[in-house]
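Using numbering that gives the first Met the number 0, read the sequence shown as starting at 0 and increasing by one per residue.
Even for Gly, the Cβ is constructed at its ideal location relative to N, Cα and C.
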Amino acid sequence: MYSRIAGTGSYLPEKVLTNRELEQMVDTSDEWIRTRTGIERRHIAAADETTSTMATEAARRALAAAGVTAADVDLVVVGTTTPDLVFPNVATMVSAALGIRDRPAIGLEAACSGFVYGLSIADKFVRLGDARCALVIGAETLTRIVDWTDRNTCVLFADGAGAVVLTPSPEPGIETTVIGADGQYRDLLYYPFGVSYGLDRLRGGEPAAIQMKGNEVFKVAVRTLAALVDETLAKTGLTTADVDWLVPHQANIRIIEAAARKLGMPMERVVVTVQDHGNTSAAAIPLALDTAIRDGRIRRGQRLLLETFGGGFTWGSALIRY
Ligand code: UT7
Numbered sequence: 000m001y002s003r004i005a006g007t008g009s010y011l012p013e014k015v016l017t018n019r020e021l022e023q024m025v026d027t028s029d030e031w032i033r034t035r036t037g038i039e040r041r042h043i044a045a046a047d048e049t050t051s052t053m054a055t056e057a058a059r060r061a062l063a064a065a066g067v068t069a070a071d072v073d074l075v076v077v078g079t080t081t082p083d084l085v086f087p088n089v090a091t092m093v094s095a096a097l098g099i100r101d102r103p104a105i106g107l108e109a110a111c112s113g114f115v116y117g118l119s120i121a122d123k124f125v126r127l128g129d130a131r132c133a134l135v136i137g138a139e140t141l142t143r144i145v146d147w148t149d150r151n152t153c154v155l156f157a158d159g160a161g162a163v164v165l166t167p168s169p170e171p172g173i174e175t176t177v178i179g180a181d182g183q184y185r186d187l188l189y190y191p192f193g194v195s196y197g198l199d200r201l202r203g204g205e206p207a208a209i210q211m212k213g214n215e216v217f218k219v220a221v222r223t224l225a226a227l228v229d230e231t232l233a234k235t236g237l238t239t240a241d242v243d244w245l246v247p248h249q250a251n252i253r254i255i256e257a258a259a260r261k262l263g264m265p266m267e268r269v270v271v272t273v274q275d276h277g278n279t280s281a282a283a284i285p286l287a288l289d290t291a292i293r294d295g296r297i298r299r300g301q302r303l304l305l306e307t308f309g310g311g312f313t314w315g316s317a318l319i320r321y
C-alpha cells in the first residue's frame, strides 16, 4: 500500500509587499533583492490572520480538490515555525476550525522542512493503514518574527500556507521520502526567544527576530541539497531523466539553480515561485506544488522531486508519482 496526493490547496494573504516598497523601509534596492534572491514581491498576513487561519483555508481548498470532506480526515499534521500559540498546537486549531474531532493533530517544528517532515510521517500512517485520509499542511506567519529594520532578513521572509490530502493507493503515490537533521548548525539560523529560555535571556539584548548568517547558510544548503537529491534518487534507482518536475524549497533562486544544475535538470522543469512568494519556510513547497498543479504545469502521472533545507539544520526530500 502507498499513499498518494489526492488534492492540493493553498492560501496567500491579500496584501502584497513589493521590493520597491521595501526600498522605502530599509537601505536596499529592487535590483539587489532580485539578483541576490530572485524575490520580487511577497504576501503579508493581515492583522486578523494567523498561521492556523491560513492553514485552515489551504486545507479547505485541498479537501475540495481531493473531493473529500473534513469528516473523512483522520490525521492532521501541520509543519510550522510560527504557531499561533506555544500550545495548543496549530494542528488542533485547524482540526477545530474544520470540525474534525477525535483525530490525532500533530504540530511539527522543523523550520523550512516542516512540510516534508510532515509528509514523511503522514505517508507512514497511510501506508500502515493507520490513516485513510491525512491532511498535511505547511503554514507560516514569518513576517511577525522578522526585524523590519534588518535588511539582511526582512526582504526575504513572508506568509502563506499550503496543504495536501493523502489517501491510500495500491499504486505510488509517494515513492520515497528522506529526512535528516544536524543540530550543530543551530547558530546559523534561529529565533532567539523560546519558552524554556525564558524572558531573561531575551532581555540580554538579542532582538526578538529571526537571526541568520545568510552566506554560511547558503553554502551548507547547496552542499546538503546536492547530497540529498543523490541519496533520494539512489534509494529508488531512478535518475534525473525519470523526474518531470523539481519542486524545491523557495528560499533563493541561486540555491534553486545550483540544485537544478547539480541534478542536470533544466530550469524549465523546475517549479519556481520565490519571485511571487518570498521565503515562506514550511509553506514554500506546498504553495509551489499547488501553484504548479493549478496552472497546469504539473499533471497527473508525472514524477516530482521535492527538496528542502532549513533551520536546525533540517532537510528533507520526497519522490512522488502525482
Ligand atoms: O529558508 C531556509 C534557509 N535560508 C536560506 O537558505 C537562505 C540562504 N542565504 C541566502 O539566500 C543569501 O545568503 C542571502 C540572500 C541571505 C544573502 O545573499 P548573499 O549573496 O549571501 O549576501 P551576503 O550576506 O554575503 O551580503 C552581501 C552584501 C553585504 O554587504 P557588504 O558587507 O558586502 O558591504 C550585505 O550587507 O549585501 C549586503 N546586503 C544587502 N544589500 C542590499 C544584505 N542584505 C541586503 C539587502 N539590500 N537587503
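- Cβ contact annotation for L224 (same chain, cutoff 8 Å, sequence separation greater than five): P247, I254, A257, A258, K261, E306, F308 and W314, in chain order.
- Between the C-alpha atoms of A220 and T238 there is a straight-line separation of about 21 Å.
- Per the coordinates, the alpha-carbon of G179 lies some 31 Å from the alpha-carbon of D71.
- Residue state for S168 is assigned as strand, using DSSP reduced to three classes.
- For the set V93, M264, A162 and R35, the Cα lying nearest the Cα of T290 is the one of A162.
- Taken atom to atom, the span from the alpha-carbon of T34 to that of A44 is near 25 Å.
- The C-beta separation of G98 from A64 comes to about 19 Å, leaving the pair out of contact by the 8 Å criterion.
- The alpha-carbon separation between G213 and G172 amounts to approximately 35 Å.
- F86 counts as exposed, since fewer than 16 other C-beta atoms from the protein chains shown sit within 10 angstroms of its C-beta.
- Taking 7 Å as the cut-off, the Cβ atoms of L165 and A317 do not count as close.
- Listed in chain order, the alpha helix (DSSP H) elements of length 4 or more contained wholly in the region 59-108 are 89-97.
- At a Cβ-Cβ threshold of 7 Å, I144 and I209 count as neighbours.
- Placement of the Cβ of W147 at a distance of 6 Å or more from every heavy atom of the ligand UT7 is found.
- Here A226 is exposed, its C-beta having fewer than 16 other C-beta atoms within 10 Å.
- At a threshold of 6 Å, W31 counts as near the ligand UT7, since its beta carbon sits closer than that to one of the ligand's heavy atoms.
- When only Cα atoms are considered, R59 and P265 end up about 34 Å apart.
- Beta-bridge annotation (DSSP): G159 is paired with E139.
- Distance from the CA of T17 to the CA of A5, rounded to the nearest whole angstrom, comes to 34 Å.
- Residue side-chain check: R150 places its Cβ nearer than 6 Å to a non-hydrogen atom of the ligand UT7.
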